[in-house]
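Note that our numbering has the sequence shown beginning at -1, numbered continuously upward.
Taking it in order: structure first as structure tokens, then the write-up.
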Amino acid sequence: MNFHGINQVSKSQSVSFNHMKRILVLLLLALFSTSVSAESYIITGQVTYSDNSPVGARDIAIDCTNDQYYCSQYKGISAMTDINGVYTIILEVDSEENNTVVLLSILGEDFPHTIDLGAKEQSPDGRMYQDIKLEQKPSTSAMSFALGCCLLLFGLMGISVLFKTGRMLSTRDGRAYFAGHRPPRRVECLVCNKSIVQHELVKHMMVEHNMEAMEAGESAGLAMRKTWSKE
């Protein structure tokens, strides 16, 4: 039996396995180092129209020019402006992508932004600020729609108030209320659970339940505090 040949094959397989293991370790290290080097890059600012009114509730997205290779991985990342036109876009950037130019695209207008990791490190809060002013004015259709919604809302509120007023005036108590007459507040007696007019509660305690003036006053106070907690 050729043991020498078998040993040679075993050694060759061992060397090949060790070589593959080294390659795998190097690949893992490269992958790990790439993921570690990535850092959050935050772009924020306010978007306004040409008349300085805020661009609210609009999508702002990353776009790219053809000569920016590293930009393609960010293309399509978007955020929505708030009611004041403020936006915030977060990118995960590697050191090799420094100085990459991305386009901030909103309502058909593009605004370049150069990724600057050095400036980010010097920023007090680690953010990059870029305000955007569009060339276009607010669309008249959007303004008309907003105005129409406001008028409709006020109209519905007016109709509701008129309906409620008419319903109240159709009753005796409602007419008295509009004339300035308010119904007396009533309080439940803690002893007999009867509903008593508030200003007569102390008298009720003294007459009906034979309480002393001090005790009747304390009991009436407790009853009135219960109504306050309910309100």
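All C-beta atoms, glycine included, are put in the ideal place defined by N, C-alpha and C.
As the structure is a prediction and not an experimental result, all values here were calculated from the model.
In whole angstroms, what separates the C-alpha of residue i from that of residue j?
i	j	result
Ser38	Ser48	31 Å
Leu154	Ser168	21 Å
Lys135	Arg165	47 Å
Gly219	Ser158	38 Å
Asn97	Ser137	35 Å
Gln66	Leu115	17 Å
Ser121	Glu95	19 Å
Met78	Phe161	40 Å
Cys148	Gly156	12 Å
Gln128	Asn64	23 Å
Check whether the Cβ atoms of residue i and residue j sit closer than 8 Å, and answer yes or no.
i	j	result
Ile104	Ile58	yes
Tyr85	Gly43	yes
Gly215	Val205	no
His207	Val185	no
Asp92	Ala36	yes
Leu151	Val45	no
Considering only residues of the same chain and omitting the five flanking positions on each side of residue i, which have a CB-CB separation below 7 Å?
i	result
His202	Cys187, Ile194
Gly83	Gln44, Val45, Thr46, Pro52, Val53, Gly54
Lys118	Tyr39, Gly124, Met126
Ala211	Met204
So the candidates are the options; which of them puts its Cα closest to the Cα of residue i?
i	options	result
Met126	Ala218, Ile60, Ile41, Glu94	Ile41
Cys237	Gly146, Glu213, Thr112	Since the first and last residues shown for the chain are -1 and 229, residue 237 lies out of range.
Asp80	Pro52, Tyr67, Asn97, Lys131	Pro52
Glu107	Ile157, Ile130, Asn96	Ile130
Asn232	Asn50, Ala117, Met78, Met222	There is no way to answer for residue 232, as the model of the chain reaches only from -1 to 229.
Can you name, in chain order, every residue of its own chain whose Cβ lies under 8 Å from the Cβ of residue i, other than the five neighbours on each side?
i	result
Ile60	Cys69, Tyr72, Lys73, Gly74, Ile75, Ser76, Ile87, Leu89, Val100, Leu101, Leu102, Ser103
Pro182	Val195, Gln196, His197
Arg110	At residue 110 the sequence reads Pro, which differs from the Arg that was named. So the qualifying residues of the chain are Val99, Val100, Leu101, Leu102.
Met209	Met203, Ser217
What would DSSP say about residue i, mapped onto helix, strand or coil?
i	result
Leu102	strand
Ala221	helix
Ala211	helix
Tyr47	coil
Glu186	strand
Ser121	coil
Leu115	helix
Glu238	Because the chain in this structure spans residues -1 to 229, residue 238 falls outside the shown range and cannot be described.
Can you list, in chain order, the residues of its chain with a C-beta nearer than 6 Å to that of residue i? Leave out the 5 residues immediately preceding and following it.
i	result
Thr32	Because Thr32 sits at a pLDDT of 46, beneath the cut-off of 50, its placement in the model cannot be relied upon, and the following sentence gives the value as read from the coordinates. There are no such residues.
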